[in-house]
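Report on the following structure.
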Amino acid sequence: MDRCPICRGRLDTEAQCQRCGADLSLVIQTHNKAEDLSSQAIKQMADGKFIQAQHLLEQALALEHSPFRQQLLEFVLQCNINNTPAHLSEIYHSQTTVDSTKKVSLLKRISSSFRTHS
Ligand SMILES: [Zn+2]
């Protein structure tokens, strides 16, 4: 977060907006918590744990909306509904035999898109 959500003024590291004086400590805490939940969700997804990822993303979205989190949740929901995630099926269904490099590349892909969109 680099702009005040109230006046759009630029923020420094202070938990108070220099422009409108708004106390943003709670907003910052909420934002950090939502980011934390999102990264946990991405880790769960990379492990093929889509139900856990869904719960984490729902919590993150309840704290702070972001279009990327919404997209992630829709993706996870689709995986959970179909129970056969299109391009993740091999990770989901054969966790014991799956080549771990596939998980790593998946995690990298999801994380890089997470950084771009959040
Ligand atoms: Zn402000």
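Each residue of the sequence shown is one higher than the last, beginning at 15 in my numbering. Ideal Cβ placement from N, Cα and C applies to all residues, glycine included. Note that the coordinates shown come from a computational prediction; the quantities given were computed from them, not determined experimentally.
Excluding sequence positions up to five before and after M15, its CB lies within less than 6 Å of the CB of H45, all in the same chain and listed in chain order. In this structure, the straight-line span from the alpha carbon of C31 to that of L38 is close to 7 Å. By the CB criterion at 9 Å, A67 and M59 fall inside the cutoff. Summarising the contact set, residues whose Cβ lies nearer than 6 Å to any heavy atom of ligand 1 are, in chain order, C18, I20, C21, G23, C31, R33, C34 and A36. In the three-state reduction of the DSSP assignment, R83 falls in the helix class.
Taking C-alpha positions only, G62 is separated from Q85 by approximately 17 Å. The DSSP-derived three-state label of D50 is helix.
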